[in-house]
Amino acid sequence: MPAIGWLFGPSDSIILSGQTIEGIETLTSSAPRLQSAKPATLEEIRAVAESLAQALEDDKAEDILFIDLEGKSSLADFMIIASGRSGRHVAALADHISQDVKKLTGRPASVEGMPNADWVLIDTGDVIIHLFRPEVREFYNLEKIWASQTPSSTRSVN
1464 MPAIGWLFGP SDSIILSGQT IEGIETLTSS APRLQSAKPA TLEEIRAVAE SLAQALEDDK
1524 AEDILFIDLE GKSSLADFMI IASGRSGRHV AALADHISQD VKKLTGRPAS VEGMPNADWV
1584 LIDTGDVIIH LFRPEVREFY NLEKIWASQT PSSTRSVN
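Plus 1463 on top of the position in the sequence shown (first one is 1) and you've got my numbering.
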C-alpha cells in the first residue's frame, strides 16, 4: 500500500494522495518555500512580551501576571495572564493586543475564543497571552499550574 502524504498542486491547493501525480510537487521537492520571519533573540522576544503586558495595563486589564517560560516549556518563551472586567472588556483587550502584536512583530497573532470572550488565547509564537473574565480565570486557575512550574520567574505587572 502506498504511503499517504500531503502534496501541493499547481494552484497551491492541498491534495491528499497516496501516489505521485504528474505536475504536482511533493513537500520534499526543491520548490520555493515561503520565507519565515527572521528568528528573534530572547531579548527581542522579552521586549515584545513586556510591551504587550504594558499595553494590557494601559487598557485597564486586571491582575496581570507575567511568566518567564524560557527553557521550561516548548510552547513559548513568555506567558501573560490577565483579566478583563466583562466579556466586552476581554474582547476589546484581545483586539488591541492583536493589533499591537502585528505592529511589534510584523506578523498576525493567532486568536482563539472570540466572539464569546470568556477566555481568549492570543498566540504570537513566542508569547502566549490568556485573557479571562474574572470568574472564568478563577475556575481554570492557570497561574497556579504555571506559577508552580516556574516560581522564580513569575511576577505581577500591576
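For glycine and all other residues, C-beta sits at the position ideal for the given N, C-alpha and C.
Nothing here was measured: the structure is a model prediction, and the numbers come from that model.
Contact under 8 angstroms by Cβ, residue i with residue j
| i | j | result |
| --- | --- | --- |
| V1553 | F1602 | no |
| I1591 | A1557 | no |
| A1580 | I1543 | no |
| A1545 | I1527 | yes |
| D1589 | A1555 | no |
| D1563 | A1503 | no |
Where residue i falls, given that 16 or more other Cβ within 10 Å makes a residue buried
| i | result |
| --- | --- |
| A1510 | exposed |
| L1505 | exposed |
| K1607 | exposed |
| R1551 | exposed |
| S1537 | exposed |
| G1547 | buried |
| N1604 | exposed |
| R1570 | exposed |
| S1549 | exposed |
| D1521 | exposed |
Residue i - partner residues in DSSP beta bridges
| i | result |
| --- | --- |
| V1511 | Partner(s): none; V1511 has no beta bridge. |
| L1584 | E1575 and H1593 |
| D1531 | F1541 |
| S1546 | E1525 and F1595 |
Pick from the options that is closest to residue i, judged by C-alpha positions
| i | options | result |
| --- | --- | --- |
| L1532 | E1507, D1586, F1541 and A1524 | F1541 |
| P1597 | W1582, G1588 and T1587 | W1582 |
| E1507 | E1575, S1573 and L1567 | L1567 |
| K1523 | T1587, A1503, H1559 and R1600 | H1559 |
| S1561 | A1503, S1514 and W1609 | S1514 |
| S1573 | A1555, T1587 and A1518 | T1587 |
| W1609 | A1518, E1525 and K1535 | K1535 |
Helix, strand or coil at residue i according to DSSP, with G and I counted as helix
| i | result |
| --- | --- |
| A1518 | helix |
| D1558 | helix |
| T1489 | With a pLDDT of 41 at T1489, under the threshold of 50, the predicted position of this residue should be treated as unreliable, and no value is reported. |
| D1526 | strand |
| D1626 | In the structure displayed, the chain extends from 1464 to 1621; residue 1626 sits before or after that span and is not available. |
| R1600 | helix |
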